[in-house]
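Scroll down for the structure; my scribbles are underneath it.
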Amino acid sequence: MEIEITTFRTESGYSDARRPDKVEFVSSIEDDLRRRDFTINAFAYDPLEHEFIDLFDGVSDLSKGVIRAVGDPVERFREDGLRPLRAVRIATALGFEIEMRTLIAIGETLECFKRVAKERVLDELRKIMRAVKPSVGFEYMRETGILEIIFPELLEGYGVTQNEFHAYDIYTHSLYSADFAPIDKPLVRWAALLHDVGKARTREVREDGRVTFYNHEVVSVRMAMVMLERIRFPKKEMEYVCNLIRWHMFNYTPEWTDSAVRRFIRRVGVDAVADLFDLRIADFHANGLNLGFPPYLDEFKKRIESILEAGDAITVRDLKVDGNDVMKIYGIGPSEKVGRVLNELLSVVIDEPQKNEREYLLNLLREWAQREGDED
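Read left to right, the sequence shown gives residues 37 to 412 (the numbering used here).
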């Protein structure tokens with residue numbers, strides 16, 4: 037358990053909507069509690085007198101599951117522009133409701149929220165994504181206007197109907213997908229939230245009345261990159277999320293050869309395959325029609341597991357030769373060509389795994405180098 041120790045203090049003047057212009061240390065716990073954000077954070081316990089000091093009915097709000105600002109909510113939110121999102125995050129994490137006056141004040145103080153550092157916003161969003169149902173938080177954000185500031189792209193799907201395979205509009209389906217993604221896999225949840233963000237921009241109604249979203253996964257990747265960069269999402273995590281979005285529409289059939297399965301693993305990435313399946317499962321759960329999972333999903337997963345267990349080469353690191361061998365045989369130094377040659381070797385081995393033998397690959401390299409020399 038982490039214990040923080042501090043003196044009682046009061047704060048005043050928040051010209052940057054974040055830090056107080058003035059901090060005064062006081063001797064009164066009552067004065068200290070008055071500066072707090074929400075009533076559930078604004079009561080204290082006196083261990084000597086064995087009694088609660090609860091000026092704002094925080095204990096009652098805690099028992100009722102209510103998030104209520106201390107005093108005037110508009111003043112509290114203007115003191116720190118992050119507090120509106122913090123209210124949403126606490127309500128989402130605890131399964132509480134935001135009291136109406138406090139909820140209305142969020143929409144009235146959005147100018148202060150706009151001035152908050154993106155890194156602080158991301159920190160709160162990460163906590164929302166760790167809640168049992170992050171959809172609750174995003175709905176609060178939509179209702180109060182926060183979502184329009186952070187992710188207006190998500191709202192493009194609000195009220196936009198899909199096809200016969202979906203009971204919900206694009207926006208609701210996206211939120212429920214995040215709910216159904218594993219709670220211990222935050223990046224899968226981010227991918228689930230954004231996997232269909234490009235659908236509204238690719239939606240077409242054919243002459244027969246059928247609704248399509250061709251290439252929405254590609255558009256979704258482009259949009260997700262812009263959205264995640266906006267909140268200062270770490271680059272490597274953003275690339276991972278976008279990779280899951282890019283391949284979430286994989287269309288496996290039992291006719292796929294083992295080579296095709298290996299190429300699929302190579303494209304997606306060995307480390308991302310399991311997460312991609314989790315995303316696909318969340319996507320199915322969130323369609324709202326209880327259609328169940330396609331029978332091919334388990335079969336595909338087993339084929340992938342079998343190939344990985346067999347140790348088949350999937351990346352150039354799995355080859356029995358490396359860049360040094362390529363440079364030595366071709367008589368070249370480090371360059372892009374080394375990578376190209378290794379990838380050509382990998383293509384050979386993916387089609388025929390038994391050829392991943394060092395002597396065979398060295399001979400193949402010599403043959404290619406000789407042929408290239410003859411052509412010159």
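A virtual CB, placed ideally from N, CA and C, is assigned to each residue, including glycine.
Under a Cβ-count criterion, where at least 16 other Cβ atoms within 10 Å of its own Cβ denotes burial, should residue i be classed as buried or exposed?
i	result
residue 235	buried
residue 304	buried
residue 135	buried
residue 102	buried
residue 168	exposed
residue 109	buried
residue 358	exposed
residue 410	exposed
residue 86	exposed
residue 381	buried
residue 220	exposed
residue 201	exposed
residue 84	exposed
Taking a contact to mean a Cβ-Cβ separation below 8 Å, would you say residue i touches residue j in this structure?
i	j	result
residue 180	residue 139	yes
residue 255	residue 264	no
residue 282	residue 257	yes
residue 362	residue 385	no
residue 274	residue 261	yes
residue 355	residue 397	yes
residue 104	residue 145	no
residue 246	residue 287	no
residue 289	residue 332	yes
residue 267	residue 158	yes
residue 203	residue 328	no
residue 106	residue 67	no
residue 207	residue 194	yes
residue 350	residue 402	no
residue 344	residue 308	no
For residue i, I'd like the list of residues in its chain whose CB is within less than 6 Å of its CB, leaving aside the five on either flank, ordered along the chain.
i	result
residue 322	209, 212, 213 and 216
residue 81	88
residue 192	236
residue 125	160, 163 and 164
residue 172	128
residue 123	103 and 134
residue 97	75, 76 and 104
residue 142	120 and 180
residue 366	405
What residues in its chain sit with their C-beta under 7 Å from that of residue i, if we drop five residues either side in the sequence?
i	result
residue 248	240 and 242
residue 93	75
residue 336	288
residue 190	183, 207, 210 and 233
residue 112	73, 105, 106 and 119
residue 185	146, 149 and 150
Once DSSP output is grouped into helix, strand and coil, what is the label at residue i?
i	result
residue 133	strand
residue 208	helix
residue 187	coil
residue 240	strand
residue 179	helix
residue 88	strand
residue 194	coil
residue 102	strand
residue 80	strand
residue 247	strand
residue 320	helix
residue 74	strand
residue 337	helix
residue 291	coil
Beta-carbon within less than 8 Å of residue i's beta-carbon, same chain only, minus the 5 sequence neighbours each way: which residues are those?
i	result
residue 95	79 and 88
Subject >> Inter-stretch contact at 8 Å, needing at least 3 Cβ pairs: the stretch 110-128 / the stretch 152-164 >> reply: Yes: at least three Cβ pairs fall under 8 Å.
Original post:
Can you find at least 3 beta carbon pairs, one from the stretch 300-314 and one from the stretch 325-340, that sit closer than 8 Å?
Top reply: yes
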